[in-house]
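Contents: one structure, followed by commentary.
Residue numbers (the numbering used here): 228 to 401.
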């Protein structure tokens, strides 16, 4: 597995051609975005949300894993970025999101992808040049950078676009 993603990383940055899957993790709604970057051209292939309706925690996690695993198999990204947890007021919510995030990262790893795990601060820095940018500033930048007619809805999809954008500039920030 290690050999696979090391080769992919070399290929991506040498040829500057890559498909990126960005994920904003959650328990009932997971934002996703698929971008394609070729040299300095950046395009949105798809974005949206995966809705999870299961109530039982183990079923939720199974469904999240299966849907993300399927998305990876269908979309065939070269690189995956999953936003890291930053701060939650509610510990129970934080634990649930952390579990969901874990199975999302696992899906990427099982499929041999390099999985980047940027913090919200790093994502904001990459997109706006300021790590404390507001939600509104992030959304406006997403709209401009990807030349969209309107701000992506729901917020989870816009966040996933921002996470995917971070991955396009990964070399610059590390």
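Ideal placement from N, C-alpha and C gives every residue a C-beta, glycine not left out.
Nothing here was measured: the structure is a model prediction, and the numbers come from that model.
Judged by beta-carbon spacing, residue 252 lies within the 7 Å limit of residue 327, meaning their Cβ atoms are closer than that value. Straight through space, the alpha carbons of residue 250 and residue 308 are spaced by roughly 6 Å. Boundaries of the beta strand (DSSP E) around residue 260: 256-265. Non-local C-beta neighbours of residue 313 in its own chain, meaning closer than 8 Å and more than five positions away in sequence, comprise 346, 347 and 348, ordered along the chain. Beta-bridge partners assigned by DSSP to residue 270: 263.
Contact check for residue 341 against residue 260 fails: the beta carbons are separated by 7 Å or more. Counting along the chain, residue 342 sits inside the beta strand (DSSP E) bounded by residues 341-343. Residue 282 carries a coil assignment under DSSP once its states are collapsed to helix, strand and coil. Put simply, the backbone Cα of residue 324 is about 31 Å away from that of residue 376.
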